[in-house]
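*Asks:* Residue numbers (the numbering used here): 38 to 602.
The beta carbon of each residue, even a glycine, is placed where N, CA and C say it ideally should be.
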């Protein structure tokens, strides 16, 4: 029986099936709508660093065929074959997406789903409809992602823009269609298509017109005996060939770092300044910006033309020539005098702020940077408990309410020092959380447990269970120490002062109780007290009188920050 997923739900692939040869089917329908179904193979930074792992209608498989586009079959609009044990290690995530080809928006979807079939049996399905979206033209349906093991996540995140916007979001680029350079001395028999490269043939030799890209052959129906095949059913008629006017020009993907041997990419960028074939910038012009050509460019200079600036074309370059642009907020070299530095400088402002843009992922918890985290309350529909005053920004409709611990909880919190002043965040919006510029670390729990000091907790899913745990000890005030234990399925955001270090637990692991941030709940913790009344009476006391000793089986860990509370 297939496991039904809701938006935001995740599971290990091994919990769904023991197989690694999987069939992924996507069915999506809407009146008058046409959809393109694609798969993005992303690296650890969720970027399309290798365009050969963008599988779509113009590129139906990856190099080693670990990801294959099968076409429409078994009632699915589009289908894929994914062989997990053949995916190369640099690919850490597979994102299955749907975009509208032509006019329309995702709110017009009548129904849709993404399903996983293994061994001829459907093991997982995530269903959706247009009520979950508005004006978006693309949607990220589901992800296969590698986190110690391969897992599946039902995303269902709408995305403004179409296939081009998705490519740019994942770090790819779509080449602009450019007309060929005019060559009046060599008339051509016909106009070349916009995506054709400029002609560089021998003068007088006619260049052959580029042939239209051949349509990908429809894959043969897979036999039911294979592990990735869908459940047996009536064989639908073969899908009709796409109309030539829908995708006349193939999409050319050019990621930021295309490896050798990749797919065709747009023409290379201009050579750096000072290299052959590249003209130096005009004096006073910021490198990287395009300036109009001077009067008479490419023609003999008129006698009355103004003389070039001093030093132009001489061996000695102008000040700042060949250097990197100045940091954001400083005046660029060569800027005209008298221009206010605070005035907008056109595209330079957007370029300077590009690195600080919001990270647009479809996950429930997204780390914007080391000190800021975003939670999308609409994914999963579960409220979030956060430390009071930690909200720095929210988008959409979000309700904030006080989360009281009750009389007994307040008594326990005051007595143990593990009291947390929390607020409940509910609604379909997004909330950005931070506190005192501390570093944030989202920890995803999959039924396991972790112990964290209440001082180091910023926020967590309300679905997690939490309680105060007692650590016995002798020779310390109160006779014990306390911590918070979280258990269940959800995410907890831990904050640290500085970059923490994670160490495995060994029989000789000791840590200062004021520097420990978290540890695995299965580890045994013993208070190691070095309190000696006679020793403390002397002024040479070390101050390291109370430590925690950790014991446990291999696999347990502790997290320590470079700071003492």
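If you draw a straight line from the C-alpha of residue 535 to the C-alpha of residue 500, how long is it?
*Replies:* Position 498 of the chain shown, counting from 1, holds the residue named residue 535. Position 463 of the chain shown, counting from 1, holds the residue named residue 500. Each residue's Cα considered, the two are about 29 Å apart.
*Asks:* Please state whether DSSP places residue 601 in a helix, a strand or coil.
*Replies:* Locating residue 601 in the chain shown gives position 564, counting from the first residue. Look at residue 601 here: in three-state DSSP terms it is coil, with no helix or strand label.
*Asks:* Tell me where the beta strand (DSSP E) around residue 557 begins and ends.
*Replies:* As a working note, residue 557 is residue 520 in the chain shown. Element bounds for residue 557: 553-557.
*Asks:* For chain C, check one thing: does any of its Cβ atoms lie closer than 8 Å to the Cβ of residue 484?
*Replies:* Considering every chain present, this structure includes no chain C. It has just one protein chain.
*Asks:* With distances taken between CB atoms, is the gap from residue 161 to residue 39 smaller than 8 Å?
*Replies:* As a position in the chain shown, residue 161 is number 124, starting the count at 1. As a position in the chain shown, residue 39 is number 2, starting the count at 1. In this structure, residue 39 lies closer than 8 Å to residue 161 by Cβ.
*Asks:* Could you give the residue range of the alpha helix (DSSP H) that holds residue 51?
*Replies:* For this step, residue 51 is matched to residue 14 along the chain shown. Per DSSP, residue 51 belongs to the alpha helix (DSSP H) from 50-53.
*Asks:* If distances are taken between C-alpha atoms only, which option among 84, 458, 392 comes closest to residue 495?
*Replies:* Counting from 1 along the chain shown, the entry for residue 495 is found at position 458. Nearest of 84, 458, 392 to residue 495, Cα basis: 458.
*Asks:* Tell me the rounded alpha-carbon separation between residue 409 and residue 490.
*Replies:* Sequence index remark: in the chain shown, residue 409 carries index 372 (1-based). Sequence index remark: in the chain shown, residue 490 carries index 453 (1-based). Whole-angstrom Cα-Cα distance: 20 Å.
*Asks:* Would you decide whether residue 73 is buried or exposed? Buried here means 16 or more other CB atoms lie within 10 Å of its CB.
*Replies:* Residue 73 sits at position 36 when you count from the first residue of the chain shown. Classification of residue 73: buried, given that the 10 Å Cβ count is 16 or more.
*Asks:* Hey, is the region 75-89 in contact with the region 122-133, meaning 3+ C-beta pairs nearer than 8 Å?
*Replies:* yes
*Asks:* What residues in its chain sit with their C-beta under 6 Å from that of residue 136, if we drop five residues either side in the sequence?
*Replies:* Position 99 of the chain shown, counted from the first residue, corresponds to residue 136. The answer, listed in chain order, is 73, 175, 199, 200.
*Asks:* If contacts are defined as beta-carbon pairs under 8 Å, then residue 589 and residue 559 qualify, I think. What distance do you get, rounded to the angstrom?
*Replies:* Numbered from its first residue, the chain shown carries residue 589 at position 552. Numbered from its first residue, the chain shown carries residue 559 at position 522. Rounded to whole angstroms, the Cβ separation of residue 589 and residue 559 is 6 Å, and the two are in contact under 8 Å.
*Asks:* Hey, residue 129 and residue 182 are a contact pair by Cβ (cut 8 Å); roughly how many whole angstroms apart?
*Replies:* Here residue 129 refers to the residue found at position 92 of the chain shown. Here residue 182 refers to the residue found at position 145 of the chain shown. Indeed they touch by this definition, with Cβ atoms about 7 Å apart.
*Asks:* When you compare only the Cα positions, how much space is there between residue 222 and residue 97?
*Replies:* In the chain shown, residue 222 corresponds to position 185, counting from 1. In the chain shown, residue 97 corresponds to position 60, counting from 1. Unreliable placement is indicated for residue 222, whose pLDDT of 45 sits below 50; the coordinate value is still reported in the next sentence. So the two alpha carbons sit approximately 41 Å from each other.
*Asks:* Grouping DSSP H, G and I as helix and E and B as strand, with all else coil, what is residue 207?
*Replies:* On the chain shown, residue 207 is found 170 positions in, with the first residue counted as 1. Coil, per DSSP.
*Asks:* What are the complete beta strand (DSSP E) segments, minimum 3 residues, inside the region 475-532?
*Replies:* 476-489, 494-498, 502-509
*Asks:* Are the beta-carbon atoms belonging to residue 537 and residue 586 less than 8 Å from one another?
*Replies:* Here residue 537 corresponds to residue number 500 of the chain shown, with the count starting at 1. Here residue 586 corresponds to residue number 549 of the chain shown, with the count starting at 1. No, these two residues do not count as a Cβ contact at 8 Å.
*Asks:* Do residue 433 and residue 464 come within 8 Å of each other at the CB atom, strictly closer than that value?
*Replies:* Position 427 of the chain shown, counted from the first residue, corresponds to residue 464. Position 396 of the chain shown, counted from the first residue, corresponds to residue 433. Yes, the Cβ-Cβ distance between residue 464 and residue 433 is below 8 Å.
*Asks:* Can you tell me whether residue 118 is helix, strand or coil according to DSSP?
*Replies:* Locating residue 118 in the chain shown gives position 81, where the first residue counts as 1. Strand at residue 118.
*Asks:* Which full runs of the alpha helix (DSSP H) of 4+ residues lie inside the region 169-199, going along the chain?
*Replies:* Complete alpha helix (DSSP H) runs here, min 4: none at all.
*Asks:* So for residue 588, helix, strand or coil by DSSP?
*Replies:* Numbered from its first residue, the chain shown carries residue 588 at position 551. Residue state, collapsed to three classes: strand.
*Asks:* Just how far apart, CA to CA, sit residue 504 and residue 522?
*Replies:* Residue 504 sits at position 467 when you count from the first residue of the chain shown. Residue 522 sits at position 485 when you count from the first residue of the chain shown. Rounded to whole angstroms, residue 504 to residue 522 spans 6 Å at the Cα level.
*Asks:* Going straight from the alpha carbon of residue 601 to that of residue 185, what length do you get?
*Replies:* As a working mapping, residue 601 is identified with position 564 in the chain shown. As a working mapping, residue 185 is identified with position 148 in the chain shown. Cα to Cα, the separation comes out at about 31 Å.
*Asks:* Could you check the C-alpha separation between residue 193 and residue 95 for me, to the nearest Å?
*Replies:* If you number the chain shown from 1, residue 193 lands on position 156. If you number the chain shown from 1, residue 95 lands on position 58. If you take the alpha carbons of residue 193 and residue 95, they lie about 24 Å apart.
*Asks:* Quick one: grab the DSSP three-state call for residue 222.
*Replies:* Counting from one through the chain shown, the residue named residue 222 turns up at place 185. At residue 222, the pLDDT of 45 sits below 50, so the modelled position is not reliable; the number obtained from the coordinates is stated separately. Correct three-state label for residue 222: coil.
*Asks:* For the structure I just gave you, are there three or more beta carbon pairs, one from the region 152-166 and one from the region 44-59, closer than 8 Å?
*Replies:* In short, these stretches touch, since the Cβ pair count reaches three.
*Asks:* For residue 167 and residue 85, which I take to be in contact (beta-carbon distance under 8 Å), what is that distance rounded to the nearest angstrom?
*Replies:* If you number the chain shown from 1, residue 167 lands on position 130. If you number the chain shown from 1, residue 85 lands on position 48. About 28 Å separates the two Cβ atoms, so there is no contact after all.
*Asks:* Considering only DSSP beta bridges, list what residue 462 is partnered with.
*Replies:* Translated into the one-based positions of the chain shown, residue 462 becomes position 425. According to DSSP, which records beta bridges pairwise, residue 462 is partnered with 421, 437.
*Asks:* How big is the Cα-Cα spacing for residue 549 and residue 594?
*Replies:* On the chain shown, residue 549 is found 512 positions in, with the first residue counted as 1. On the chain shown, residue 594 is found 557 positions in, with the first residue counted as 1. Cα to Cα, the separation comes out at about 15 Å.
*Asks:* If you draw a straight line from the alpha carbon of residue 113 to that of residue 132, how long is it in whole angstroms?
*Replies:* Position 76 of the chain shown, counted from the start, is the residue given in the question as residue 113. Position 95 of the chain shown, counted from the start, is the residue given in the question as residue 132. Roughly 18 Å separates the two Cα atoms.
*Asks:* So, with DSSP's three-state summary, where would you put residue 428?
*Replies:* Residue numbering aside, residue 428 sits at position 391 when the chain shown is read from its first letter. In this structure, residue 428 counts as strand in the three-state DSSP scheme.
*Asks:* CA-CA distance, residue 70 and residue 92?
*Replies:* For this step, residue 70 is matched to residue 33 along the chain shown. For this step, residue 92 is matched to residue 55 along the chain shown. When rounded, the distance between both Cα atoms is 21 Å.
*Asks:* Output yes or no for whether 8 Å exceeds the beta carbon distance between residue 471 and residue 531.
*Replies:* Reading the chain shown from its first residue, position 434 is the one you call residue 471. Reading the chain shown from its first residue, position 494 is the one you call residue 531. Cβ distance not < 8 Å, so residue 471 and residue 531 don't count as in contact.
*Asks:* Ends of the beta strand (DSSP E) at residue 166?
*Replies:* Translated into positions along the chain shown, residue 166 becomes position 129. That residue, residue 166, is in no beta strand (DSSP E); it is neither H nor E in DSSP.
*Asks:* In whole angstroms, give me the CA-to-CA distance for residue 164 and residue 478.
*Replies:* For this step, residue 164 is matched to residue 127 along the chain shown. For this step, residue 478 is matched to residue 441 along the chain shown. Cα to Cα, the separation comes out at about 31 Å.
*Asks:* Taking all protein chains shown into account, decide if residue 390 is buried (16 or more other Cβ within 10 angstroms of its Cβ) or exposed.
*Replies:* For the purposes of this step, residue 390 is identified with residue 353 of the chain shown, where counting begins at 1. Exposed.
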